[in-house]
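Take the sequence shown: its position 32, counting from 1, is numbered 436 in this note's numbering, and each next residue is one higher.
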Amino acid sequence: GNGGYTQMIKQNTVGRDVAAGSDACLSCHFNVADWVNTPHTQKAKKGKENVLGYNADPALYTRAAAWITANKETYLHPGNKNTDGTAKDPSKLGIRAVMTEKPTVTYSDQTFGVDDIAITIGSNYKQAYAVWMQGYGYKILNIRYNSIGLTAEAMGERTDERVWEGSCIGCHLTGYDPTGLQASYKDTAVPYDLNPYIADLRIGCEACHGPKADGTKNPADLTQDQQIDICGRCHGNWNPTVPGTTARKDVHEFKPGDSLVYLLSPAYNGGVDRLMRPKWGTATKEFSTSGAAIDDHMQWYNFKIGKHYGKFFNGKPVTCTSCHDPHKNNPGRNYGRRILKGDYNYTTGVASICNECHPNAGYGVTKKGVAGALNPHTAKPYNVGLDTIPTDPTAKWPWE
405 GNGGYTQMIK QNTVGRDVAA GSDACLSCHF NVADWVNTPH TQKAKKGKEN
455 VLGYNADPAL YTRAAAWITA NKETYLHPGN KNTDGTAKDP SKLGIRAVMT
505 EKPTVTYSDQ TFGVDDIAIT IGSNYKQAYA VWMQGYGYKI LNIRYNSIGL
555 TAEAMGERTD ERVWEGSCIG CHLTGYDPTG LQASYKDTAV PYDLNPYIAD
605 LRIGCEACHG PKADGTKNPA DLTQDQQIDI CGRCHGNWNP TVPGTTARKD
655 VHEFKPGDSL VYLLSPAYNG GVDRLMRPKW GTATKEFSTS GAAIDDHMQW
705 YNFKIGKHYG KFFNGKPVTC TSCHDPHKNN PGRNYGRRIL KGDYNYTTGV
755 ASICNECHPN AGYGVTKKGV AGALNPHTAK PYNVGLDTIP TDPTAKWPWE
């Protein structure tokens with residue numbers, strides 16, 4: 405009865421008595437229970453125990469945990485390295501929190517080890533780390549563990565200051581609402597209780613179906629743009645709300661059915677245009693000369709300029725979920741997990757899902773670097789965007 409349902413709401417994974425938490429949804433929608441093992445449930449986790457390679461016995465640390473322990477006092481970050489390989493500031497060797505933004509990057513006075521890590525961000529392909537610093541909040545460390553080949557790599561040029569709550573939290577959990585978060589939250593000696601400000605520490609049901617309080621949505625009933633916007637909210641890359649900073653890189657206020665283009669527009673953001681744009685004819689960190697997105701988490705842009713945009717198959721718009729199933733966890737790439745429908749051969753780069761629409765057409769090679777490969781999000785060769793590059797380097801996107 406309703407009383408039991410109310411009880412399930414109260415037993416949400418983060419104890420938040422609002423909307424139906426993902427666990428409550430699964431009590432009825434058990435046909436999608438595989439979701440709990442997908443990468444979307446592991447974008448953020450609390451506790452040092454989630455550092456890759458952690459063991460209760462530090463002597464048995466492997467992978468990231470072992471590397472962090474070995475380099476706690478000696479790590480030389482690229483931002484602190486002279487051209488001859490020596491440290492610009494020897495007092496800043498080691499694993500530290502990044503405190504201020506480029507161009508003048510500064511680091512915390514203290515170094516940090518595995519025991520200090522409060523939140524892990526990512527679990528397979530890459531893993532970053534946040535520590536709690538009284539007076540600052542959750543600060544991101546100057547390292548990132550890259551699990552391809554089981555090697556640890558620096559964050560490279562990503563030395564800009566990041567406070568998790570102030571920049572990127574919205575894409576690593578569900579339902580983040582900063583409106584009630586007082587500025588004094590940073591002043592406690594131990595981390596504050598995050599639960600009242602989120603719906604789920606995972607990328608949960610509400611992220612794609614909306615909060616129960618608003619009436620959940622079936623994304624399949626939405627338009628093509630509305631569907632790809634659900635994924636694009638986090639699988640895009642946006643200008644910050646405050647130009648030149650890392651403030652609010654996420655779009656935490658987005659709800660399924662909203663227009664992402666509007667929420668990123670100057671009209672919504674007090675004159676700030678949050679859409680990234682190419683410099684047509686000139687390659688940038690984010691885009692090729694023809695506008696293909698080449699940086700991380702930018703699939704939304706590629707879909708919008710790709711051959712699938714505006715297309716239908718069997719009467720339904722082609723969207724992200726035409727090829728991906730966010731509820732399933734298929735074995736896949738050698739560095740982690742994926743949610744691609746069908747089979748994928750990591751060696752040949754062939755994805756069987758392409759044959760659903762293009763039988764025997766030879767379009768299945770999707771792995772970058774393999775001969776004949778097509779970027780699955782543009783359906784064009786990698787780094788190829790528009791067929792005709794605008795002559796005006798400031799021209800808008802063709803879909804605007």
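Here a beta-carbon is modelled for each residue, glycine too, at the ideal position from N, C-alpha and C.
Below 7 Å CB to CB, which residues in the same chain sit around residue i once its five sequence neighbours on both sides are set aside?
| i | result |
| --- | --- |
| residue 770 | 753, 755, 777, 778, 780 |
| residue 438 | 731, 732, 733 |
| residue 634 | 612, 623, 660 |
| residue 554 | In this prediction, residue 554 has a pLDDT of 49, which is less than 50 and means its spatial position is unreliable; nothing more can be read from the coordinates. |
What do you get for residue i, buried or exposed, if any count of 16 or more other CB atoms within 10 angstroms of its CB means buried?
| i | result |
| --- | --- |
| residue 725 | buried |
| residue 612 | buried |
| residue 784 | buried |
| residue 449 | buried |
| residue 653 | buried |
| residue 432 | exposed |
| residue 674 | exposed |
| residue 588 | exposed |
| residue 463 | exposed |
| residue 569 | buried |
| residue 559 | Confidence is the limiting factor: at residue 559 the pLDDT is only 47, short of 50, which leaves the residue's position unreliable and the question unanswerable from this model. |
| residue 666 | exposed |
| residue 531 | buried |
| residue 648 | exposed |
| residue 738 | Note that residue 738 scores a pLDDT of 42, beneath 50, so its modelled location is shaky; the value from the coordinates is reported in the next line. Flag for residue 738 reads exposed. |
| residue 834 | A query on residue 834 cannot be resolved here, the shown segment of the chain reaching from 405 to 804 and no further. |
| residue 481 | buried |
| residue 645 | buried |
| residue 428 | buried |
| residue 627 | exposed |
| residue 713 | buried |
| residue 441 | exposed |
In this structure, what does DSSP give as the bridge partners for residue i?
| i | result |
| --- | --- |
| residue 523 | 450, 534 |
| residue 567 | 543 |
| residue 754 | 749, 769 |
| residue 676 | Its beta-bridge partners do not exist; DSSP assigns none. |
| residue 731 | Partner(s): none; residue 731 has no beta bridge. |
| residue 501 | 545 |
| residue 778 | 785 |
| residue 604 | 578 |
| residue 465 | Residue 465 is not bridged to any residue. |
| residue 511 | 502 |
For the putative contact between residue i and residue j, defined by C-beta atoms under 8 Å, what is the C-beta separation to the nearest angstrom?
| i | j | result |
| --- | --- | --- |
| residue 486 | residue 496 | Rounded, the Cβ-Cβ distance is 12 Å, inconsistent with contact. |
| residue 643 | residue 699 | Rounded, the Cβ-Cβ distance is 13 Å, inconsistent with contact. |
| residue 534 | residue 516 | In fact, because the Cβ distance is near 10 Å, the residues do not count as touching under 8 Å. |
| residue 590 | residue 525 | Actually they are not in contact, since the Cβ atoms of residue 590 and residue 525 sit about 19 Å apart, beyond 8 Å. |
| residue 521 | residue 455 | 6 Å |
| residue 567 | residue 540 | 7 Å |
| residue 704 | residue 640 | 4 Å |
| residue 631 | residue 723 | 4 Å |
| residue 523 | residue 549 | The pair is not a contact, with the Cβ atoms about 14 Å apart (cut-off 8 Å). |
Excluding the 5 residues preceding and the 5 following residue i in the sequence, name in chain order all residues of the same chain whose CB lies nearer than 6 Å to its CB.
| i | result |
| --- | --- |
| residue 445 | 606 |
| residue 479 | 498, 499 |
| residue 426 | 604, 608, 609 |
| residue 561 | Residue confidence for residue 561 is low, a pLDDT of 44 falling below 50, so the modelled location carries little weight and cannot support an answer. |
| residue 430 | 437 |
| residue 469 | 455, 457, 458, 518 |
| residue 690 | 680, 699 |
Given the structure, does residue i come close to the ligand SAH, in the sense that its CB is under 7 Å from one of the ligand's heavy atoms?
| i | result |
| --- | --- |
| residue 541 | Summarising the ligand content, the structure contains no ligands, and the ligand SAH is consequently not present. |
Sorted by chain position, which residues of the same chain lie with C-beta nearer than 8 Å to residue i's C-beta, five sequence neighbours on each side aside?
| i | result |
| --- | --- |
| residue 709 | 695, 696, 782, 789, 790, 801, 802, 803 |
| residue 656 | 573, 574, 580, 581, 582 |
Can you list, in chain order, the stretches of the alpha helix (DSSP H) that have 4 or more residues and sit fully within the region 609-690?
Runs of the alpha helix (DSSP H) lying entirely within the region 609-690 and spanning at least 4 residues, in chain order: 609-613, 628-636, 664-667.
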